[in-house]
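S.K.: Residues in the sequence shown are numbered from 1 upward in steps of one, following UniProt numbering.
Think of the CB as a built atom: it goes at the ideal place given N, C-alpha and C, for glycine as much as any other residue.
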Amino acid sequence: MSDVSFTSFKLTRAKPADFGTIRSLHAQTMRDHRARETGFDVGREFIDPFLTKPRYFLSRTTYFFRLTKRELLVLEGDGSFLGYVAFSRTQWPKPNRVIFINDISILPQFRRKGIARKLLAEFETRVSGNSDLHVVAPVWKANFASRALFEDTGYTKNSSTPETQHRQLVIYEKHLGPQRHAPLFRFLNGLLLATTCFAALFLWMLANR
């Protein structure tokens, strides 16, 4: 699968004019999840707020480890909207030490053409620079396309959440920047990431009971 014939790609901050397309794409993605996964029914919690509040994905997350306000980046091909990535930066234990990919999606007509790989590569370059950080991507277990994307681009599967209402998350992570960590430090860092993801999911479930 190769990139479609665009002469140039550009990753840029989402503009107000992009919100309508992002909102519709996100809603359709959630509907696809519900159709694909038995017991997946989060429409009221995820879709409705996003449809009624255009800046829903830009809200600040208030888990105990503190995430910054979500950021939205859009990938354009020759000036046309192709897809987006929503992400947050942790402020604990160190500012910007870990980045969470909250959502990544490509318009249906551009899928299976290498565009998602392009978006992810541009995103990693944008957020890393010369810094030393981890990217964490929670993915629904049955979202095989996203899982393949992360596995094929160097992400490793860290842990899986326990079954919850027939849903399960798979946590992927990737180190960006200089590889200067000792093995023990990498292990402890991975353990911290797994614990953080578990705690985030637990608090989210409590808040949405």
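Run through DSSP, which three-state label would F6 get?
M.R.: Your numbering for residue 6 matches position 6 in the sequence shown. Of the three classes helix, strand and coil, the one that applies to F6 here is coil, per DSSP.
S.K.: For a test of the three-state rule: what should DSSP assign to K113, helix, strand or coil?
M.R.: In the sequence shown, the residue the question calls residue 113 occupies position 113. Here K113 sits in coil by DSSP.
S.K.: Could you name the residues of the same chain whose beta carbon sits closer than 6 angstroms to that of A116, not counting the 5 residues immediately before and after it, in chain order?
M.R.: Residue numbering aside, residue 116 sits at position 116 when the sequence shown is read from its first letter. Contacts found: I106 and L149.
S.K.: How close, in whole Å, do the beta carbons of A14 and L73 come, if the pair is a contact with beta carbons under 8 angstroms?
M.R.: Counting from one through the sequence shown, the residue named residue 14 turns up at place 14. Counting from one through the sequence shown, the residue named residue 73 turns up at place 73. Indeed they touch by this definition, with Cβ atoms about 7 angstroms apart.
S.K.: Consult DSSP for G20 and reduce its assignment to one of helix, strand or coil.
M.R.: Taking the sequence shown and counting its residues from 1, one reaches residue 20 at position 20. Reduced to three states, the DSSP call for G20 is helix.
S.K.: Out of A137, Y155 and H26, which has the shortest C-alpha to C-alpha gap to R89?
M.R.: What you label residue 89 is simply residue 89 of the sequence shown in a count that begins at 1. Nearest of A137, Y155 and H26 to R89, Cα basis: A137.
S.K.: Buried or exposed, going by whether 16 or more other CB atoms sit within 10 Å of the CB of A86?
M.R.: In the sequence shown, the residue the question calls residue 86 occupies position 86. Buried: at least 16 other Cβ atoms inside 10 Å.
S.K.: Among residues of its own chain, excluding the 5 on either side of N102, which ones have a beta-carbon nearer than 8 angstroms to its beta-carbon?
M.R.: Residue numbering aside, residue 102 sits at position 102 when the sequence shown is read from its first letter. So the qualifying residues of the chain are F57, R70, A86, F87 and S88.
S.K.: As a quick exercise: from A145, R126, E124 and H134, pick the residue whose alpha carbon is nearest that of R111.
M.R.: For this step, residue 111 is matched to residue 111 along the sequence shown. When only C-alpha atoms are compared, the closest one is A145.
S.K.: Should K174 be labelled buried (16 or more other beta-carbon atoms within 10 Å of its own) or exposed?
M.R.: In the sequence shown, counting from the first residue as 1, residue 174 sits at position 174. Buried, since its Cβ has 16 or more Cβ neighbours within 10 Å.
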